[in-house]
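All residue numbers for the sequence shown refer to our numbering, where the first residue is 1 and numbers rise by one.
Each residue gets a CB set at the ideal place from its N, CA and C atoms; glycine is no exception.
No experiment lies behind these values; they were computed from the predicted model shown.
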Amino acid sequence: MWKLTIIANSFLMLLFWVFAALLAEPAYNHFVQYADADLPQLPALTQYVLTARPLSLLLPALWAMGSVSLLVRLREKEPGQRREWVQLHSSVTLIVGLLLLILSLTAGILPFLNIGTPL
1 MWKLTIIANS FLMLLFWVFA ALLAEPAYNH FVQYADADLP QLPALTQYVL TARPLSLLLP
61 ALWAMGSVSL LVRLREKEPG QRREWVQLHS SVTLIVGLLL LILSLTAGIL PFLNIGTPL
């Protein structure tokens, strides 16, 4: 069961990444891909998220590699230690995934609200 939990956590991180990419997509389409020439400068957070979009694919890939390494390492552990590591992996997956979602949501909304835009 612990193996399925770690594998499910890897897929959950991939889902968090997909939803985070979808949340930043309207800002990318409106302000980068189909932008007019006279648009104001984007907030720093939005610029960072939009320029780091290709690199953000590394997060679920590295998470999957770390999960495989954890699966291999946990085979020799006792059940109590396994449970603690799986709980830690699940907690960190949720925290990192939610932070990724919040960051992308904030970056996607800021340019439309004109918050954080330089004067």
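Report yes if the CB atom of I109 is closer than 9 Å to the CB atom of A8, and no otherwise.
No; because the gap between Cβ atoms is not below 9 Å, this pair is not in contact.
So L50 packs on A24, CB below 8 Å; how close in whole Å? 7 Å
Practice prompt. Can you give me the start and stop residues for the alpha helix (DSSP H) that M13 sits inside?
Written response: 2–28
Using 8 Å as the Cβ pair cut-off and three pairs as the minimum, do the segment 40–49 and the segment 95–102 touch?
Result no; under three Cβ-Cβ pairs closer than 8 Å.
_Taking only three categories from DSSP, how would you classify R73?_
DSSP places R73 in helix when its eight states are reduced to three.
Exposed unless 16 or more other CB atoms sit within 10 angstroms - verdict on L100: buried
**Study point:** For S10 and W63, believed in contact at Cβ under 8 Å, the rounded distance
**Key:** 6 Å
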